[in-house]
Amino acid sequence: METDLARSLRTAKRKVQYDTQCKRVLGNKLVLAWILRRAVREFAGMPLEVIRRCIEAAEISTVEVAPGESGEGRITGQANEDAVPGEGTIYYDIRFQAMLPGNGENLVLLMNVEAQKKYRPGYEIVTRGIFYGARMLSSQLDTEFFIPDYNGLRKVCSIWICMNAPSGIGNAIAEYSIKKRDVVPGIADRPLAYIL
Numbered sequence: 056m057e058t059d060l061a062r063s064l065r066t067a068k069r070k071v072q073y074d075t076q077c078k079r080v081l082g083n084k085l086v087l088a089w090i091l092r093r094a095v096r097e098f099a100g101m102p103l104e105v106i107r108r109c110i111e112a113a114e115i116s117t118v119e120v121a122p123g124e125s126g127e128g129r130i131t132g133q134a135n136e137d138a139v140p141g142e143g144t145i146y147y148d149i150r151f152q153a154m155l156p157g158n159g160e161n162l163v164l165l166m167n168v169e170a171q172k173k174y175r176p177g178y179e180i181v182t183r184g185i186f187y188g189a190r191m192l193s194s195q196l197d198t199e200f201f202i203p204d205y206n207g208l209r210k211v212c213s214i215w216i217c218m219n220a221p222s223g224i225g226n227a228i229a230e231y232s233i234k235k236r237d238v239v240p241g242i243a244d245r246p247l248a249y250i251l
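Using the working numbering, the first residue of the sequence shown is number 56, and each one after it goes up by one.
Laid out in structure tokens, this is it:
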């Protein structure tokens with residue numbers, strides 16, 4: 056019996072860079088498990104099946120299930136649209152939650168995976184990624200946390216898969232994050248407070 060992933064890959068053939076087909080392949084939980092294991096330190100070294108079970112229902116900007124089939128291997132739940140009055144609307148390619156096993160409700164990561172066809176689309180992808188991450192943080196107000204309890208804020212990860220990279224770059228992975236730097240030393244470091 057052909058799996059959902061096999062069917063998506065067969066259908067995609069060479070069209071995997073086309074938006075809908077790419078999202079369909081990337082929206083498969085096993086594919087996402089591989090991505091998380093490689094790109095998110097909390098999942099490094101975990102068995103793929105464990106990671107797959109950590110992936111909560113998610114939303115792909117175009118969700119499609121073949122008639123009569125469950126689409127069981129694909130993610131389906133969280134809204135992919137983020138609209139803020141006066142700030143516009145952005146659409147995430149794939150957005151989901153991942154709960155770290157055995158760590159309880161407080162260690163839920165809010166994830167976003169974006170497929171970028173052009174490596175250099177005319178703007179800095181890292182800047183767009185920072186914007187998406189910032190929107191994922193601010194959108195948690197009154198859902199994941201309430202003022203003044205900012206400690207309920209969940210960590211967010213925005214992963215960008217860039218196709219057609221120059222040959223000198225290949226399959227590189229880079230991470231951008233918030234880090235403490237002492238200008239004048241003396242403040243105790245509490246990374247759990249800012250690793251978002």
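Even for Gly, the Cβ is constructed at its ideal location relative to N, Cα and C. Quick caveat: nothing in here was measured; it's all calculated off a predicted structure.
Give the DSSP bridge partners of residue i, in chain order.
i    : result
C212 : M166
M154 : V163
L196 : F200
Q171 : C217
D137 : I145
My output table needs one value for residue i: the three-state DSSP class, helix, strand or coil.
i    : result
G82  : coil
I250 : coil
I90  : helix
D74  : helix
I242 : coil
R96  : helix
What residue range does the beta strand (DSSP E) around residue i cover?
i    : result
Y205 : No beta strand (DSSP E) holds Y205; DSSP gives it neither H nor E.
I106 : Looking at the DSSP string, I106 is not in any beta strand (DSSP E); the run it does join, the alpha helix (DSSP H), is L103 to C109.
I145 : G143 to Y146
For the alpha helix (DSSP H) that contains residue i, what are its first and last residues?
i    : result
T182 : I180 to S193
What does the Cβ neighbour count give for residue i, buried or exposed, with the cut at 16 atoms within 10 Å?
i    : result
K84  : buried
Y178 : exposed
S232 : exposed
N135 : buried
S213 : buried
K210 : buried
G157 : exposed
Y147 : buried
V181 : exposed
I149 : buried
For a cutoff of 7 angstroms on Cβ pairs, would you count residue i as touching chain D?
i    : result
G223 : Chain labels in this structure do not include chain D; a single protein chain is all it has.
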